[in-house]
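See structure below.
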Amino acid sequence: DTAVSQTPKYLVTQMGNDKSIKCEQNLGHDTMYWYKQDSKKFLKIMFSYNNKELIINETVPNRFSPKSPDKAHLNLHINSLELGDSAVYFCASSLSGGPSYEQYFGPGTRLTVT
Amino acid sequence: SQQGEEDPQALSIQEGENATMNCSYKTSINNLQWYRQNSGRGLVHLILIRSNEREKHSGRLRVTLDTSKKSSSLLITASRAADTASYFCATFYSGGYQKVTFGIGTKLQVIP
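Heads up: the sequence lines are chains A and B, in that order.
Here this note's numbering is used: the first residue of the first sequence is -14, the next is one more, and so on.
Here this note's numbering is used: the first residue of the second sequence is 2, the next is one more, and so on.
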């Protein structure tokens, strides 16, 4: 059984489009995260939600909007896609909103903007 | 340098040898974690060390933390070809606000 799943695995789209990436965890965790990994493998946190409440919101363009319908899901919606948005996006979850717990990562979504 | 910066950025060793990776950070932390990422995959948690701990072991892994020097090291003993991956350190802080920072990673190649 997949603990943290993301769909789609690959996403190729044109500049200006709007797209969403879905994430689901079946671990019963309270906290979920979105990370962006660029071509140099640098991993940067974008958002963190604890039980549907936003607790970390790093400096990301407001074209990126996380949506958490329930604590098992954290979707990422991106408006007006730009070339620089091309990256691998990882969803993760952890047991608690605090930093004391390990994070479980999804397999990633490779977004290519042309 | 960036918070959670690993050193070296790339390391190539023979199977059976030990591999040591270092991580430096700049700000206060609650804990530091090491993760492994195989090519094209998500990150997998390896070990967590709290700010009041100095050393921790898990199987062939040994992690040290020196908060006075703001540095940590990950030692993998008796390396195997399957250890070939990128290794990231991540610092976590929670004190009024939460901060999570990953380093740029060390790419380890273990040659059979």
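The C-beta atom is built at its ideal place from N, Cα and C for all residues, glycine as well.
In the DSSP output, what is residue i paired with across the bridge?
i        : result
VAL45(A) : DSSP, once it has assigned bridges, lists no residue as partnering VAL45(A).
TYR88(B) : ARG37(B), THR107(B)
ASP55(A) : HIS58(A)
For a contact defined as C-beta to C-beta under 7 Å, what are the partners of residue i on chain B?
i        : result
GLY93(A) : GLY43
Following the continuous beta strand (DSSP E) through residue i, name the residue where it begins and the one where it ends.
i           : result
GLU56(B)    : 56 to 59
LEU44(B)    : 44 to 51
ASP23(A)    : Premise fails: ASP23(A) is in no beta strand (DSSP E) and is neither H nor E.
GLN(-1)(A)  : Premise fails: GLN(-1)(A) is in no beta strand (DSSP E) and is neither H nor E.
SER(-10)(A) : -11 to -8
SER79(A)    : 72 to 79
SER65(A)    : Careful: SER65(A) lies outside any beta strand (DSSP E) and carries neither H nor E.
ARG63(B)    : 62 to 67
LYS27(B)    : No beta strand (DSSP E) holds LYS27(B); DSSP gives it neither H nor E.
THR97(A)    : 94 to 98
GLN10(A)    : 4 to 10
TYR34(A)    : 28 to 35
GLU87(A)    : First-last for GLU87(A): undefined, no H or E at that position.
Name, please, each residue of chain A whose Cβ falls closer than 7 Å to the Cβ of residue i.
i        : result
LEU49(B) : GLU87
Would you say residue i and residue j are within 8 Å of each other, going by their C-beta atoms?
i         : j        : result
THR92(B)  : LEU33(B) : yes
TYR74(A)  : SER53(A) : no
ILE112(B) : SER40(B) : no
TYR88(B)  : ARG37(B) : yes
GLY93(A)  : ALA77(A) : no
GLU87(A)  : ALA57(A) : no
ASN47(A)  : SER5(A)  : no
THR78(B)  : ALA11(B) : no
SER25(B)  : GLU6(B)  : yes
ASN2(A)   : LEU66(A) : yes
LEU75(B)  : MET22(B) : yes
PHE32(A)  : PRO51(A) : yes
ASP70(A)  : VAL98(A) : yes
ILE63(A)  : PHE49(A) : yes
Going along chain B in order, which residues have a C-beta closer than 9 Å to the C-beta of residue i?
i        : result
LYS26(A) : GLN38, SER87, PHE89, ILE105, GLY106, LYS108
PHE90(A) : TYR36, GLN38, ARG42, GLY43, LEU44, VAL45, HIS46
Which residues of chain B have a Cβ atom closer than 8 Å to the Cβ of residue i, listed in chain order?
i        : result
SER33(A) : GLN99, VAL101
ILE6(A)  : Under the 8 Å cutoff, chain B gives no residues; its nearest Cβ is about 14 Å from ILE6(A).
ILE63(A) : Per Cβ cutoff of 8 Å: no residues; ILE63(A) is ~20 Å from chain B at best.
PHE75(A) : GLY43, LEU44
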